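This report concerns only the one structure given below.
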Amino acid sequence: MSATPENTQSADPVFMLQRCYLKDLSLEQPNSPQILLEQQQPNVDVQMSVEAQPVVEGLFEITVAATITARMQDRVLFLVEGKQAGIFELRNIPQEHADMLLGIACPQTVYPYLRANLADAITRAGFPPVHLAEINFQAMYEQQQAQQQAANDAPSIITPDRLN
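Numbering follows UniProt numbering, with no gaps: position 142 of the sequence shown is 142.
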């Protein structure tokens with residue numbers, strides 16, 4: 001059988017962003033307008049997460065989520081929650097490489113959009129911008145892999161009911 005362009009293309013690895021979109025965004029100012037008159041610097045807490053879900057064969061949705069909470073003493077100045085997602089096509093890629101693409105390259109692609117959308121929402125709400133730092137998704141991925149490996153290597157506890 002000769003190699004036709006159709007046969008060779010079907011075996012070529014494919015990694016492509018199909019679409020990037022803002023999946024969810026909310027902003028709350030529970031103590032406005034009184035807290036807006038205060039001059040002190042707020043404490044800012046940022047929580048991040050990454051999720052990967054298969055959509056259909058060869059397509060995956062990667063969601064990078066962030067929650068930013070700014071507080072002045074015990075009162076919330078603002079709370080912003082956002083989720084930026086991307087649909088990525090991955091075909092003909094070995095599983096170990098696909099896992100790395102989904103855990104590192106995909107979030108790296110989506111994160112700048114999330115960062116811009118959150119900064120825009122915060123400034124449009126009348127607050128000084130919060131600049132989210134760059135994230136080393138490779139280090140995050142490697143840490144998650146190490147935690148999973150440690151959990152798999154942990155000795156299981158044998159209880160009397162499991163002996164029978």
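Where is the CB? At the ideal position from N, CA and C, for every residue including glycine. It should be emphasised that the depicted structure is a prediction, and the values quoted were computed from it without experimental measurement.
Item                                                                                                     : Value
Own chain residues within Cβ distance below 8 angstroms of residue 19, not counting five before or after : 86, 87
Beta-carbon proximity of residue 106 to residue 62, cut-off 8 angstroms                                  : yes
Buried or exposed (CB count within 10 angstroms, at least 16 for buried), residue 174                    : Within the shown structure, residues of the chain are numbered from 1 to 164, placing residue 174 beyond reach of any answer.
Contained beta strand (DSSP E) runs [length at least 3] in the segment 35-86, N- to C-terminal order     : 43-56, 59-72
Residue of 59, 22, 29, 24 minimising C-alpha distance to residue 76                                      : 29
Assumed close pair residue 27, residue 121 - CB separation to whole angstroms, cut-off 8 angstroms       : 5 angstroms
Reduced DSSP secondary structure (H/G/I, E/B, other) of residue 127                                      : coil
Residues bridged to residue 16 [DSSP beta-bridge criterion]                                              : 89
Contact set for residue 45: own chain, Cβ-Cβ below 6 angstroms, skip 5 residues either direction         : 69
Collapsed DSSP secondary structure at residue 134 in the structure displayed                             : coil
Nearest neighbour of residue 129, chosen from 118, 43, 84 [CA to CA]                                     : 118
Residue 95 - containing alpha helix (DSSP H), residue span                                               : 95-100
Contact set for residue 139: own chain, Cβ-Cβ below 7 angstroms, skip 5 residues either direction        : none
Residue(s) in a DSSP beta bridge with residue 26                                                         : 81
Cα-Cα separation between residue 99 and residue 109, rounded to whole angstroms                          : 15 angstroms
Counterpart residues of residue 21 in DSSP-defined beta bridges                                          : 85
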